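Residue numbers (the working numbering), protein chains in the order written: chain W, 295 to 611; chain F, 295 to 611; chain C, 295 to 611; chain Z, 295 to 611.
Quick reminder that beta carbons are idealized off the backbone N, C-alpha and C, glycines included.
Because the structure is a prediction, the values reported are computed rather than measured.
4 protein chains.
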Amino acid sequence: MYTLGIDIGGTKIAGAVCDENDKVLSQWRVPTPTDPDEINDCILEIYNEALRLHSDIPTMGISAAGNVKADRRTMSFSANIAKWIDYPLADRIEELTDHKCKVVVENDANCAGWGEYILGAGRGSRNMVMLTVGTGLGGAIIINGELYRGSFGMAAELGHLPMVSDGDFCGCGLRGCAERYTSGNALEHFARSGIRRMPQKGKRLLELCGGDVNTLEGKMVSQAAQEGDELALYAFGKIGEWLGRTMAAIAAVIDPDLFVIGGGVVSVGDILLDPARYNYTRFLQAAAYREHAKILPATAGGDAGMIGAADLARREA
Amino acid sequence: MYTLGIDIGGTKIAGAVCDENDKVLSQWRVPTPTDPDEINDCILEIYNEALRLHSDIPTMGISAAGNVKADRRTMSFSANIAKWIDYPLADRIEELTDHKCKVVVENDANCAGWGEYILGAGRGSRNMVMLTVGTGLGGAIIINGELYRGSFGMAAELGHLPMVSDGDFCGCGLRGCAERYTSGNALEHFARSGIRRMPQKGKRLLELCGGDVNTLEGKMVSQAAQEGDELALYAFGKIGEWLGRTMAAIAAVIDPDLFVIGGGVVSVGDILLDPARYNYTRFLQAAAYREHAKILPATAGGDAGMIGAADLARREA
Amino acid sequence: MYTLGIDIGGTKIAGAVCDENDKVLSQWRVPTPTDPDEINDCILEIYNEALRLHSDIPTMGISAAGNVKADRRTMSFSANIAKWIDYPLADRIEELTDHKCKVVVENDANCAGWGEYILGAGRGSRNMVMLTVGTGLGGAIIINGELYRGSFGMAAELGHLPMVSDGDFCGCGLRGCAERYTSGNALEHFARSGIRRMPQKGKRLLELCGGDVNTLEGKMVSQAAQEGDELALYAFGKIGEWLGRTMAAIAAVIDPDLFVIGGGVVSVGDILLDPARYNYTRFLQAAAYREHAKILPATAGGDAGMIGAADLARREA
Amino acid sequence: MYTLGIDIGGTKIAGAVCDENDKVLSQWRVPTPTDPDEINDCILEIYNEALRLHSDIPTMGISAAGNVKADRRTMSFSANIAKWIDYPLADRIEELTDHKCKVVVENDANCAGWGEYILGAGRGSRNMVMLTVGTGLGGAIIINGELYRGSFGMAAELGHLPMVSDGDFCGCGLRGCAERYTSGNALEHFARSGIRRMPQKGKRLLELCGGDVNTLEGKMVSQAAQEGDELALYAFGKIGEWLGRTMAAIAAVIDPDLFVIGGGVVSVGDILLDPARYNYTRFLQAAAYREHAKILPATAGGDAGMIGAADLARREA
């Protein structure tokens, strides 16, 4: 039995037909439109092409950025797509397929975490936490070998763990959320702060952003850090510190055996993970009297979310 | 089959023989000695008396304050009993019973949480969090109807969730832990702060503590709050606020359907729970776009921990 | 003897000839160019017109946004005008006047504070602090009846008083500065946060900003607050709270007898000042055992800075 | 003309007769009683002995821990001596001397700061801040060569500058005051925290305090730090960090040219001052675009407060 996995990203919609061993048989990729109806049309198109190749696709898993209700069919809210407020995404797609395909919707960080658990660095773990350090900070929790969604589908909103009382204003309307201090956005913030305070050390970064600190992007900081630039390493040291502190907070609740760190920002490897590991130990409760979770980079690659979505949908069906 | 539940508290050791329906058949209570060996002797004595009455006690569950290893037999650390560092408590007691009784050790907050789940306010919940507001702040997590211990036995250390960066010094060696802001200790702190800053409003509390603010105890603040004293209500408002904030942080990880609030401090009821509920909503991520967990006071009574320990041990056996 | 006061604002350059009693005799206003040379030309033009009317202008006081060196002649840094790094502004203008006019440069918040001290709410005070709540938060300190500049011209940078450890990222490169929590920018932040968290209460504000929360401006929040809108009042309550906390911090250093609050945001009057006064008392050290400073709105009007600059220059000369 | 300087310390009352060049001519020292009347008797006794030797003592300056009213005669509050609430100390002593001696009362940190200014590291400074790192954190401010007391006698309460929102509970009833993070008390806190979290590194400190971390005293941490002990150096690093941060906050208000660091804790010298200097630069607003104040240890010795009190009284008279 084949399953279609769909990943609705900020810039592209990707789709893949997977077999029961999570092997990808065929794959598609189209730009993401902004209107929900057009998004649905894109998904239908991929579904139809998949049908043509594989004749029967009884199940579809969709990975979407935003809050998914516990029914795993409805988007309650999305920061990216304004009209996804209480939006019955699974209903719409099932209608478009004439109810020939059962649809399961899952939060994108959950899909990435599950993909990593079944295919990547998470294999063999029992209780695992995945943190996806992208523009923001996504989270997924595996408990006793199963994706944990919480009672209302809102578990693992780890980017919004409150880390600083009266801290940085977050787009969610709260202050001091973890993702304000450890994310691609935070990396840019720390780098800009550094340039403003230590202009003599900011030369390489200013060069990379053409002299205007406001146009500085995370990938420039990554490049400079890999070249050994001191200020870029400082910025990674700071988001690494807060990544460690955030993991220590999570451990006080979940006590996992493994943290997997994914997302674009982790491409620098130990430049991020070393300060994260150091500060995890520094801020972990009773650190001297307990076993410590492993902290590993993600290994399942960019398709993990799409494959994870397909796998989760097949298990559900 | 009967099980002996033992609760090693700061001032008393309590024991109860329970049947398979968690009904208490007989009960004992002795003062807690300070030396581990004497504690073991007390437990043996209760065991022997239990044997005399019920002839066969194949299983014993022990509730103990401190960190219990994942083997559920060893105390790795206890703030109360200095010699419980890597202490094989289950081994010791099993030896004393000539290996006729299998012993399971569990953290006291976990036992109280489990007792509440099977007998009290937690019945019917799927994912529940219990917070025990005593001298400190204890936590227990039930996931999918089972006590969740984490990979190394250290889950639900919710009193040490970091709430304030560079916050109040905690006895654990970290700063800003939740229990510094919501606990009996915190209640005394806030009340003392209030008296120092608003001496004209502190009259009733000063009366209750004989004029010396350093001797003020939590139960005096409870009494004054129940009389309607403004300053005492302020102090409860503050620990209630932080209880709400702590629950909101936990919800970002666990998304439970229920919080049960136990411990001596909750005896004032809505004086504590109203500000907790208000601030839970105020600090909950995406509060306007999600379902909210219930927040209820514990109802299973002071023996819940002892019975919970017995029940957990029987299930383990 | 007449003195020319110049106020280089973000949008306009204003000039006024004042007599020795700070009476304005004539006045000019032109748009602010972006280039330093063009700014200098504008100032020269105003100076020449002033000369034509009043024949002798031996002294000029310039109010400028940015850091002025202790020599009161050089701009060391300005957030608005990029080329003002170690820029000898007084030298340049004196050259343009053929050294017929002595120029004194002063920070704009200092000029506004001094204007308020000699003409407005500050009259009769001995030790006064002025806080200008505009886009950011400016400060001025009067000690023993004289403007206090500090040893290096950097006193009264009150908008950058650190209020929150690891707090909101500030444009200055630090975190948690007072102006991140009490300023026009902060007002917008708190209003946006409120709309995101309490969408049902955000209707009026969303109406005023045409539905896009990112285009919300401070003056819309002021308008809604004056209409009694709950969410707008909440936002003013928050910046008022932090204004009070900031004043309490300043009082721990300076212990003034008066705070004067100016800037565009204070146009709402007690909507801002009531929560500021309440929280000043709440956070003031030893509040119950001391006299308290008065907290008054500014009264000297929009020309106070320009007149203050002229007055300071005349005293200096 | 001779002046008597009196320093009422926590454990001893010291007195000295000084000439007009602040030279000490004779000196006394007695244990501090707890009752205000007995304190007064001790002072009278010293005064009488001073009279016997020097025949005429028209002026007395008293250095006292606590808040002194702007009249410089009345104690409004003292953390040490409970009955000093609105206590007319100068009146009492003048009565006891049959009004033959005029008494001026001054806060002890102010006296120490003034002593340092006239005799020690502060000579030649124009705007100086002294921080006395003892059990708590005292402050004194010199502006334009004069001791600055503020409008109500409450200036320079620098130990209560708010550094952390919702921070450590302070004895003053507020939270997050500077002295909770940089003082002898804070040194003990950080050392104890370190021992709890890194027991393997705590050996030397545990040895010094006889194995009970609760009996650890600041002077033990100083000794261990001077021996090179890693954990003790960590604790000094932390209070040094916060000393630097506190000075940076003060600089945003006062912009002094000099900070003088006194008190028992500074006896370790650069072990404290190096991290203080480093973090002062790290947290100073616009650090790259301004001149920086010097940071020096106090040099005037333990009698500076007593001599400072005498000098201030003579100037007043």
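Fill in: Whole-Å CB distance - W/G488 paired with W/Y528, under 8 Å assumed
5 Å
Fill in: Coarse secondary structure for Z/K495, derived from DSSP in three states
helix
Worksheet item: Based on the DSSP secondary-structure assignment, which residues constitute the bridge partners of W/N421?
Response: Answer is none; W/N421 lacks a bridge partner.
Discussion item. So if DSSP puts Z/D301 in a beta bridge, which residue, or which two residues, is it bridged to?
Written reply: Z/A308 and Z/S357
Worksheet item: Nearest-angstrom Cα distance between F/Y411 and F/S419?
Response: 8 Å
Item to complete: Just the chain F side, please: which residues come within less than 8 Å of W/M457 by C-beta, in chain order?
Response: For W/M457, the residues of chain F that pass the 8 Å Cβ criterion are P456 and S459, in the order they occur in the chain.
Worksheet item: Which bits of chain C does F/P493 rub up against, with CB to CB less than 7 Å?
Response: A582
Worksheet item: For the alpha helix (DSSP H) that contains Z/A434, what are its first and last residues?
Response: Where Z/A434 is concerned, there is no enclosing alpha helix (DSSP H), although the beta strand (DSSP E) it sits in stretches over L431 to I437.
Fill in: Cross-chain neighbours of Z/F371 in chain C, by beta carbon under 9 Å
A580, A582, Y583 and R584
Item to complete: Please confirm whether Z/V562 and Z/G428 have their CB atoms less than 8 Å apart.
Response: no
Item to complete: Starting from C/I387, trace the beta strand (DSSP E) both ways and give me its first and last residue.
Response: In the DSSP assignment, C/I387 falls outside any beta strand (DSSP E) and lies within the alpha helix (DSSP H) extending over L383 to L390.
Worksheet item: Would the stretch 304 to 324 of chain F and the stretch 594 to 611 of chain F be scored as touching if the rule is three or more Cβ pairs under 8 Å?
Response: yes
Practice prompt. Measuring alpha carbon to alpha carbon, tell me which of Z/K588, Z/G595 and Z/V398 ends up nearest Z/E610.
Written response: The candidate whose alpha carbon is nearest that of Z/E610 is Z/V398.
Worksheet item: Is it the case that the Cβ atoms of W/I436 and W/A358 are separated by a distance below 8 Å?
Response: no
Fill in: Short CB-CB distance (under 8 Å) between Z/E451 and chain C
Closer than 8 Å: yes.
Worksheet item: Nearest-angstrom Cα distance between F/I340 and F/W322?
Response: 7 Å
Discussion item. Distance cutoff 8 Å, beta carbons only. Does W/L537 sit that close to anything in chain F?
Written reply: no
Worksheet item: Is the beta carbon of C/A580 sitting closer than 8 Å to the one on Z/N404?
Response: no
Item to complete: For Z/P330, I'd like the list of residues in its chain whose CB is within less than 7 Å of its CB, leaving aside the five on either flank, ordered along the chain.
Response: I375, K377, W378 and Y381
Practice prompt. With F/N342 as the anchor, note down where its alpha helix (DSSP H) starts and where it stops.
Written response: Unbroken alpha helix (DSSP H) run through F/N342: P330 to H348.
Worksheet item: Among C/L606, C/R571, C/W408 and C/G556, which one has its Cα closest to the Cα of C/M541?
Response: C/R571
Discussion item. If contacts are defined as beta-carbon pairs under 8 Å, then Z/D605 and Z/N421 qualify, I think. What distance do you get, rounded to the angstrom?
Written reply: Actually they are not in contact, since the Cβ atoms of Z/D605 and Z/N421 sit about 19 Å apart, beyond 8 Å.
Worksheet item: What residues in the stretch 412 to 433 of chain W bring their beta carbon closer than 7 Å to a beta carbon of chain F?
Response: When CB distances to chain F are screened at a threshold of 7 Å, the residues of the stretch 412 to 433 of chain W falling below it are R420 and N421, in chain order.
Discussion item. By the 9 Å beta-carbon criterion, what residues does the stretch 533 to 558 of chain Z contribute toward chain C?
Written reply: R539, A542, A543, I544, A545, A546, V547, I548, D549, P550, D551 and L552
Worksheet item: Smallest Cα separation from F/F484: which of F/E511, F/T426 and F/G504?
Response: F/E511
Worksheet item: For F/E585, is the classification buried or exposed, using 16 other Cβ atoms within 10 angstroms of its Cβ as the cut-off for buried?
Response: exposed
Worksheet item: Helix, strand or coil: which one does DSSP assign to Z/V458?
Response: coil
Fill in: Residue burial classification, C/V324 (beta-carbon count within 10 angstroms, cutoff 16)
exposed
Discussion item. Do Z/T476 and Z/W536 count as a contact pair if the criterion is CB distance below 8 Å?
Written reply: Taking 8 Å as the Cβ cut-off, Z/W536 and Z/T476 qualify as a contacting pair.
Worksheet item: Mapping DSSP to helix, strand and coil, what is C/W536?
Response: C/W536: helix per DSSP, three-state reduction.
Worksheet item: Where do the ends of the beta strand (DSSP E) carrying F/L552 lie?
Response: Under the DSSP assignment, F/L552 falls in the beta strand (DSSP E) whose first and last residues are L552 to G556.
Practice prompt. Pick helix, strand or coil for Z/S372, following the three-state DSSP scheme.
Written response: coil
Worksheet item: For W/L590, which residues does DSSP report across the bridge?
Response: W/V554
Discussion item. Run through chain F and tell me which residues come within less than 8 Å of Z/R576, C-beta to C-beta.
Written reply: Those do not exist, as Z/R576 stays about 15 Å from chain F at its closest Cβ, beyond 8 Å.
Item to complete: Using a Cβ-Cβ cut-off of 8 Å, state whether W/D506 counts as contacting chain C.
Response: no
Worksheet item: What are the residues of the stretch 433 to 449 of chain C that lie near chain Z, defined by any Cβ-Cβ distance shorter than 9 Å?
Response: G433, I435, I437, N438, E440, Y442, R443, G444, S445, F446, G447, M448 and A449
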